[in-house]
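I have placed the structure first, in the form of structure tokens, so that the comments after it can refer back to it.
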Amino acid sequence: MYAVIQTGGKQYVVTQGETLKIEKLSGEPGAEVNLSDVLLIADDNKYHVGRPFLENTHVSALIKEHGLGEKIHMMKKKRKKGYKVKKGHRQPYTAIQIININL
0 MYAVIQTGGK QYVVTQGETL KIEKLSGEPG AEVNLSDVLL IADDNKYHVG
50 RPFLENTHVS ALIKEHGLGE KIHMMKKKRK KGYKVKKGHR QPYTAIQIIN
100 INL
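Numbering (numbering that gives the first Met the number 0), first residue to last: 0 to 102.
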């Protein structure tokens, strides 16, 4: 059984017991969160497709940790002018473990 969920403007294919990093969610590590934006649930040969989301369904997940991703470097330069700017960014994330997919 797997499900397609939407969170943080992105879509993820998840299975029970899987751990993944998503856009930062509010909540403390160890807390349970319900992700209600479920687009599709596949169970053996049955597919439940939402338009756009399935009603009365959710995916239960456990928040494992909050953190920052790898640093992304950005550079601006204008040739022959001596102008250079270097910036960096680390995107915050939340690591979750999927507990259950509820129909």
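Every residue, glycine too, gets a C-beta built ideally from N, C-alpha and C.
Beta carbon proximity, S35 to chain B, threshold 8 Å: The structure shown contains no chain B, having only a single protein chain.
How should Y46 be labelled, buried or exposed, when 16 other C-beta atoms within 10 angstroms of its C-beta is the threshold for buried? In the sequence shown, counting from the first residue as 1, residue 46 sits at position 47. With fewer than 16 other Cβ atoms inside 10 Å of its own Cβ, Y46 counts as exposed.
Other residues of its chain near E17: CB distance less than 8 Å, five sequence neighbours each side excluded: Your numbering for residue 17 matches position 18 in the sequence shown. Once the five neighbours on either side are set aside, the close Cβ partners of E17 are Q96 and I97.
For K86, which of T93, H65 and K70 has the nearest alpha-carbon? As a working note, residue 86 is residue 87 in the sequence shown. The alpha carbon of K86 has as its nearest neighbour, out of T93, H65 and K70, the alpha carbon of K70.
Using 8 Å as the threshold, is the stretch 24 to 44 in touch with the stretch 5 to 12, meaning 3 or more CB pairs across them? Between the stretch 24 to 44 and the stretch 5 to 12 there are three or more inter-stretch CB-CB distances shorter than 8 Å, so the stretches are counted as touching.
Identify the residues that DSSP records as bridge partners of D42: which are they? Along the sequence shown, read from residue 1 onward, the residue named residue 42 stands at position 43. Paired residues: K45.
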